[in-house]
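Written below as structure tokens is the structure these notes are about.
There are 2 protein chains.
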Amino acid sequence: MANTSARMLRLLSLLQTHRYWPGAELADRLEVSPRTLRRDVDRLRELGYPVDAARGVAGGYQLQAGAAVPPLLLDDDEAVAIAVGLRTAAAGAVTGFEETSVRALAKVIQLLPPRLRRRIDALRAVTAPGPLGGGPALDATVLTTLAMACRGEERLRFDYHPREGDPASRHVEPHRLVPIGRRWYLMAWDLERGDWRSFRVDRLSSPAMTGARFRPREIPGGDPAQWLHSRLKAIPTRYEVSVLVDAPAEQVRTAVWNYGTVEELPPGCRLRMNVDDLGWPAMVLGVLGAAFTVESPPELRDHLRRTGEALIAGSVVDGSAPPWRRSA
Amino acid sequence: MANTSARMLRLLSLLQTHRYWPGAELADRLEVSPRTLRRDVDRLRELGYPVDAARGVAGGYQLQAGAAVPPLLLDDDEAVAIAVGLRTAAAGAVTGFEETSVRALAKVIQLLPPRLRRRIDALRAVTAPGPLGGGPALDATVLTTLAMACRGEERLRFDYHPREGDPASRHVEPHRLVPIGRRWYLMAWDLERGDWRSFRVDRLSSPAMTGARFRPREIPGGDPAQWLHSRLKAIPTRYEVSVLVDAPAEQVRTAVWNYGTVEELPPGCRLRMNVDDLGWPAMVLGVLGAAFTVESPPELRDHLRRTGEALIAGSVVDGSAPPWRRSA
DNA sequence: TCTTTGCGGCCACTTCCTGACCTCAATCCG
DNA sequence: CGGATTGAGGTCAGGAAGTGGCCGCAAAGA
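Listed in order, the protein sequences are those of chains A and B. What the first sequence shows, in UniProt numbering, is residues 1 to 328, in sequence order. What the second sequence shows, in UniProt numbering, is residues 1 to 328, in sequence order.
Pasting the structure below:
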């Protein structure tokens, strides 16, 4: 603790917390003379972290924004908040940030003390917001374990429940984690099969890093995202939704988030979505409040009619017991 | 750059990135002898950051999780991802983390270089997820400016558009930022009126820190959240929704997020929400797919009927032009 | 078994850190 | 305007600490 480096870190930490610190107080906290404090501040400035100083009564030091990101010195709550925020972003709350968020999350998680990790894991699954249960539930712990294994180039064992067939244990060299649509895929070299495989993260459970490290192999084709895309084209979704909507494309785009594609078709637009569950498109259409026509699939028509009837039924004025009680 | 402190930070940074570093390479990068590197690693360990070392061929150093959060050394992308994630969490994506997230966000934002801040601000408004336009649009830049002013104890000017009356400029000493329900409120001492006031953040625009610092006053009653709550009770929402739902309380609770309260009423439950817009409760009811009865308000019945009819209308099979084209 | 790679003691040399003292400069207050 | 407060920074001497080179040792893996 008597170290200079340690003191500099503490100083940085102090400067990151409150905001204006009188020199005397800083010197006191760091247990050095004011002269040395001034030198420390100078050192920080030389390192590229601009420290602002105000003179006169109620003067003090303050860390400002500089050219580089200074080392963030976080307390527990802040670290947890950051991890939680990243996890949400990774789960798709912010379009386009899934991958970067997972990378940053892996870094943060890896450095976090176990007790904080537990606090974060306590908020178990993070569902992508929006679908209200329509999206696949994503176990954030699984996701971060995978990300850490990719980063650390560590072999991985997990149970995998394929679309068809029985669950089985796998042993792989994990390479990349790729978000496509609202899902995450793990690209890995399957050690038992001796070939590249992609795994849907939500079908994967109890991943465990084995501790064995490996040298990354060449990824076929170079671009993993593209490779995955080409593989996934073959996999069908349950419903291909196509709806003509009488609303500006922009409005529809906002409502569907990035769950579907919107095609301008003045004065309205065509909305296409690939989903396994019809609840989400129904909700979007209901909220839009615009006229629309279903092109496909027929099942969506049924679903909409049923939802519509349910809404109307519930809106009936009825002073007696609710219908679901009467029928019971 | 020839400094020990700087080198330690660089070492920490390196150890935070890849994962396993051969000692020779680290020594090379830091431009010191291997012996000194070993000493640096020791120093890190003494500071409480556990560095794992593996011997033998393909050995190396690796930073592990320790008792404390080590200084996070982030690159640009990671910093942006963190800020974006925090912003989303602050906007209410994760229940219960709004306040902590905003605090952490203020800290991060304050330290971020302007170019990164611009990248973050480019993703303008973050709407609370869920309502799909139903919640108030929150300008994240405004929110962080307020948080920074609170933290830095700097006076603030902004334009405020009250619920009733004309917009006017305000000059305040900002004290706390409090999330209540889905909204943010700023507690501040109004300098012109010489009294405590609360401001709804989404009614507030172009905030600017004046640079003048102030000494925080005593907050009346001590607990700001409570004080605000008592103030807000008086303010009515437009609709008080109450619906009996034939579904387990737990399921309903998941669907409404924290927009309303759910009261067990076996075999179903009663859902209460206070909203300004009926779209959100309608959506929840539609997605639930359970039978329900509206208790109040009457407007919700109309709204549901109209939505239901719209859904049914759109589900009609019709090979020709869509209805909204025929009528045009 | 042999090689690779980290561990850490020892030593001499050099660097830089520290606290004390001083003068100066900006800011705020009355 | 003058005095008080608070930061800036030069200089100096003593001492603490960092450094590289050397060594033998201990794991881990082929």
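We put the CB at the ideal spot given by N, CA and C, even for glycine.
When the cut-off is 9 Å and only beta carbons count, does residue i lie next to chain A?
| i | result |
| --- | --- |
| residue 22 of chain B | no |
| residue 201 of chain B | no |
| residue 47 of chain B | yes |
| residue 13 of chain B | yes |
| residue 9 of chain B | yes |
| residue 248 of chain B | no |
| residue 217 of chain B | no |
| residue 37 of chain B | no |
| residue 243 of chain B | yes |
| residue 263 of chain B | no |
| residue 55 of chain B | no |
| residue 329 of chain B | Residue coverage of chain B in this structure runs from 1 to 328, which leaves residue 329 of chain B outside it and unanswerable. |
From the beta carbon of residue i, is the nearest beta carbon of chain B less than 9 Å away?
| i | result |
| --- | --- |
| residue 114 of chain A | yes |
| residue 26 of chain A | no |
| residue 165 of chain A | no |
| residue 17 of chain A | yes |
| residue 162 of chain A | no |
| residue 279 of chain A | yes |
| residue 273 of chain A | no |
| residue 103 of chain A | yes |
| residue 125 of chain A | At residue 125 of chain A, the pLDDT of 44 sits below 50, so the modelled position is not reliable; the number obtained from the coordinates is stated separately. Not one chain B Cβ lies under 9 Å of residue 125 of chain A. |
| residue 380 of chain A | With chain A represented from 1 up to 328, any question about residue 380 of chain A goes unanswered, as that position is not in the structure. |
| residue 253 of chain A | no |
| residue 73 of chain A | yes |
With 16 as the cutoff for other CB atoms within 10 Å, does residue i come out buried or exposed?
| i | result |
| --- | --- |
| residue 265 of chain A | exposed |
| residue 144 of chain A | buried |
| residue 53 of chain B | exposed |
| residue 210 of chain B | exposed |
| residue 261 of chain B | exposed |
| residue 212 of chain A | exposed |
| residue 98 of chain A | buried |
| residue 103 of chain A | buried |
| residue 308 of chain B | buried |
| residue 218 of chain A | exposed |
| residue 57 of chain B | exposed |
| residue 139 of chain B | buried |
| residue 315 of chain A | buried |
| residue 162 of chain A | exposed |
| residue 226 of chain A | exposed |
| residue 246 of chain A | buried |
| residue 87 of chain B | buried |
| residue 368 of chain B | For chain B, the structure presents residues 1 to 328; residue 368 of chain B sits outside this window and is missing. |
| residue 166 of chain B | exposed |
| residue 208 of chain A | exposed |
Taking Cβ-Cβ distances shorter than 8 Å, what residues in chain A pair up with residue i?
| i | result |
| --- | --- |
| residue 43 of chain B | 3, 5 |
| residue 213 of chain B | 20, 58 |
At 7 Å on the CB atoms, spell out the chain B contacts of residue i, in chain order.
| i | result |
| --- | --- |
| residue 294 of chain A | 314, 315 |
Going along chain A in order, which residues have a C-beta closer than 7 Å to the C-beta of residue i?
| i | result |
| --- | --- |
| residue 120 of chain B | Simply none; closest approach about 11 Å. |
In chain B, which residues lie less than 9 Å from residue i when you measure between Cβ atoms?
| i | result |
| --- | --- |
| residue 100 of chain A | 77, 78, 80, 81, 84 |
| residue 209 of chain A | What residue 209 of chain A touches in chain B: nothing, since even the nearest Cβ is about 11 Å away. |
| residue 50 of chain A | Residues of chain B passing the Cβ test: none, with the nearest at roughly 10 Å. |
Cβ closer than 8 Å: which chain B residues qualify as neighbours of residue i?
| i | result |
| --- | --- |
| residue 67 of chain A | 113 |
| residue 70 of chain A | 111 |
Taking residue i as the query, report the chain A residues whose CB atoms sit under 9 Å from its CB, ordered along the chain.
| i | result |
| --- | --- |
| residue 63 of chain B | 110, 111 |
| residue 30 of chain B | In chain order: nothing, as chain A lies at least about 13 Å away. |
Would you say residue i touches the ligand COA, meaning its beta carbon is less than 8 Å from a heavy atom?
| i | result |
| --- | --- |
| residue 60 of chain B | Among the components modelled here there is no ligand, and therefore nothing to report on the ligand COA. |
### Short-range partners of chain B found in the stretch 297-313 of chain A, where Cβ spacing is below 9 Å
298, 300, 301, 302, 303, 304, 305, 306, 307, 308, 309, 310, 311, 312, 313
### Message
By the 9 Å beta-carbon criterion, what residues does the stretch 139-158 of chain A contribute toward chain B?
### Response
148, 151, 152, 153, 154
### Query
Going along the stretch 175-193 of chain B in order, which residues come within less than 9 Å of chain A, judged by CB to CB distance?
none
### Query
So, do the stretch 108-121 of chain B and the stretch 52-72 of chain B have three or more beta carbon pairs nearer to each other than 8 Å?
no
### Task
Would you list, in chain order, the members of the stretch 75-89 of chain B that have their beta-carbon closer than 8 Å to a beta-carbon of chain A?
75, 76, 77, 78, 79, 80, 81, 82, 84, 85, 86, 87, 88, 89
#### Entry: Contact between the stretch 168-178 of chain A and the stretch 236-252 of chain A (3+ Cβ pairs under 8 Å)
no
### Message
Contact between the stretch 291-306 of chain A and the stretch 299-307 of chain B is defined here as three or more beta-carbon pairs at a separation below 8 Å; is this criterion met?
### Response
no
### Query
Using 8 Å as the Cβ pair cut-off and three pairs as the minimum, do the stretch 28-44 of chain B and the stretch 33-43 of chain A touch?
no
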